[in-house]
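So the mapping is simple: our numbering equals the position in the sequence shown, first residue as 1, plus 578.
The beta-carbon is built from N, C-alpha and C at its ideal position, and this holds for glycine as well.
Values in this document were obtained by computation on a predicted structure and should not be read as measured data.
Worksheet: the structure to be examined is printed underneath.
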Amino acid sequence: FGIALPAYDIESLTPHVQIVEAEPSLVAFLSKLDWGVAVLGDLDACRRVAYENVEDALNAQIDYAELRFSPYYMAMKHKLPVAGVVEAVVDGVQAGMRDFGIKTNLIGIMSRTFGTDACQQELDAILSQKDHIVAVDLAGDELGQPGDRFVSHFKQVRDAGLNVTVHAAEAAGAESTWQAIQELGATRIGHGVKAIHDPKLMDYLAENRIGIESCLTSNFQ
Numbered sequence: 579f580g581i582a583l584p585a586y587d588i589e590s591l592t593p594h595v596q597i598v599e600a601e602p603s604l605v606a607f608l609s610k611l612d613w614g615v616a617v618l619g620d621l622d623a624c625r626r627v628a629y630e631n632v633e634d635a636l637n638a639q640i641d642y643a644e645l646r647f648s649p650y651y652m653a654m655k656h657k658l659p660v661a662g663v664v665e666a667v668v669d670g671v672q673a674g675m676r677d678f679g680i681k682t683n684l685i686g687i688m689s690r691t692f693g694t695d696a697c698q699q700e701l702d703a704i705l706s707q708k709d710h711i712v713a714v715d716l717a718g719d720e721l722g723q724p725g726d727r728f729v730s731h732f733k734q735v736r737d738a739g740l741n742v743t744v745h746a747a748e749a750a751g752a753e754s755t756w757q758a759i760q761e762l763g764a765t766r767i768g769h770g771v772k773a774i775h776d777p778k779l780m781d782y783l784a785e786n787r788i789g790i791e792s793c794l795t796s797n798f799q
């Protein structure tokens, strides 16, 4: 695709795609993902990366996988059709499941970083393949695009019969987790690291079996 990378050896490329020192914000942290989607130059590339994720799960001896993807983010660099990205990812995962026998569910992400209109485009594309997607997530710039801007989006998600998971309490405080649960309908929370500062919230999460999706070391710098 003629994509110019910031470096062409692993040592020099690593700081651009991995966290090697403390980052000033969540948005700066997330920018490390930009190069990973920049190489998705067409829909076949989107299909291939979805397929190979299932193959990677097999090679890692994983029995069940959930793959998340933000179709707008994947489409943005090369101006791909957002609905086409969703279809390509679905096709790739289904082919991977046939070939490798790993049960794989898909979660569509709305990238809040790009605003409510972009998220509506993303959601429309995700819902066009709702029979092949189990949930919708909200991720990205939590401070710049708080959850209360996405209430109508998640009403559409729930009306479509899909599950809701929301990245919350990373850049914002524990109150964003309450909002995700009470207004967006989240039954799982991504990261939720600041939830611990609200004992009532922690009790509520436990009592209502609302899971926290987190790698125990992923939010430490």
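Q. To which residues of the same chain is A696 closer than 6 Å at the C-beta, ignoring the five residues directly before and after it?
A. Numbered from 1 along the sequence shown, position 118 holds the residue referred to as residue 696. Cβ neighbours of A696 beyond the five flanking positions: Y650.
Q | Beta-carbon spacing of R690, F728 below 9 Å | A | Position 112 of the sequence shown holds residue 690. Position 150 of the sequence shown holds residue 728. Yes, they are a contact pair.
**Q.** Supposed contact pair V617 and F579 - C-beta distance, whole angstroms, cut 8 Å
**A.** For the purposes of this step, residue 579 is taken as the residue at position 1 of the sequence shown. For the purposes of this step, residue 617 is taken as the residue at position 39 of the sequence shown. About 7 Å separates the two Cβ atoms, so the contact holds.
Q) Which residues in the same chain have their Cβ closer than 7 Å to the Cβ of I687, if we skip the five residues on either side of it in sequence? A) In the sequence shown, the residue the question calls residue 687 occupies position 109. Closer than 7 Å at Cβ, skipping near neighbours: R646, F647, S648, D715 and A717.
(Q) With distance defined between alpha-carbon atoms, name the residue in C624, R787 and S792 nearest to A746. (A) The sequence position of residue 746 within the sequence shown is 168, counting from 1. Minimum Cα distance to A746 is reached at S792.
Q) Run through DSSP, which three-state label would I774 get? A) In the sequence shown, the residue the question calls residue 774 occupies position 196. Here I774 sits in helix by DSSP.
**Q.** Straight-line Cα distance separating V671 from I704
**A.** Taking the sequence shown and counting its residues from 1, the one referred to as residue 704 is at position 126. Taking the sequence shown and counting its residues from 1, the one referred to as residue 671 is at position 93. So the two alpha carbons sit approximately 15 Å from each other.
Q) How many angstroms separate the CA atom of D719 from the CA atom of R676? A) Residue numbering aside, residue 719 sits at position 141 when the sequence shown is read from its first letter. Residue numbering aside, residue 676 sits at position 98 when the sequence shown is read from its first letter. About 36 Å.
Q.
Determine whether the beta carbon atoms of G662 and L636 lie at a separation below 9 Å.
A. Sequence index remark: in the sequence shown, residue 662 carries index 84 (1-based). Sequence index remark: in the sequence shown, residue 636 carries index 58 (1-based). Cβ atoms of G662 and L636: not closer than 9 Å.
Q. Can you give the Cα-Cα distance for Q699 and S603, rounded to whole angstroms?
A. Looking up residue 699 in the sequence shown gives position 121. Looking up residue 603 in the sequence shown gives position 25. Using only the alpha carbons, I get a separation of about 26 Å.
Q: Please determine, among A713, Q596, P593 and Q639, the residue with the shortest C-alpha to C-alpha distance to L762.
A: What you label residue 762 is simply residue 184 of the sequence shown in a count that begins at 1. Of the residues A713, Q596, P593 and Q639, the one whose Cα lies closest to the Cα of L762 is A713.
Q) In three-state DSSP terms, what is G722? A) The residue given as residue 722 occupies position 144 in the sequence shown. The answer is coil: DSSP assigns G722 none of H, G, I, E or B.
Q) In three-state terms, what does DSSP make of T592? A) Translated into the one-based positions of the sequence shown, residue 592 becomes position 14. T592: helix per DSSP, three-state reduction.
Q: Count the other CB atoms, across all protein chains shown, that sit within 10 Å of the CB of I774; report buried if there are 16 or more and exposed otherwise.
A: By 1-based counting over the sequence shown, the position of residue 774 is 196. By the neighbour-count rule (16 or more Cβ atoms within 10 Å), I774 is not buried but exposed.
**Q.** Three-state class that DSSP yields for Y642 in the structure shown
**A.** As a first step, residue 642 must be located in the sequence shown, where it is residue number 64. If DSSP states are grouped into helix, strand and coil, Y642 belongs with the strands.
Q) Mind checking Y629: buried by the 16 CB within 10 Å criterion, or exposed? A) Residue 629 sits at position 51 when you count from the first residue of the sequence shown. With 16 or more other Cβ atoms within 10 Å, it is buried.
Q | Among F607, N741, L583 and D612, nearest to I685 - alpha-carbon criterion | A | In the sequence shown, counting from the first residue as 1, residue 685 sits at position 107. The candidate whose alpha carbon is nearest that of I685 is N741.
Q. What does a CB cutoff of less than 6 Å around N631 pick up in its chain, not counting 5 residues either side in sequence?
A. As a first step, residue 631 is located in the sequence shown; it is residue number 53 there, counting from the start. Hits under 6 Å: L645.
Q.
By the three-class DSSP mapping on this structure, what secondary structure does D781 have?
A. Sequence index remark: in the sequence shown, residue 781 carries index 203 (1-based). Of the three classes helix, strand and coil, the one that applies to D781 here is helix, per DSSP.
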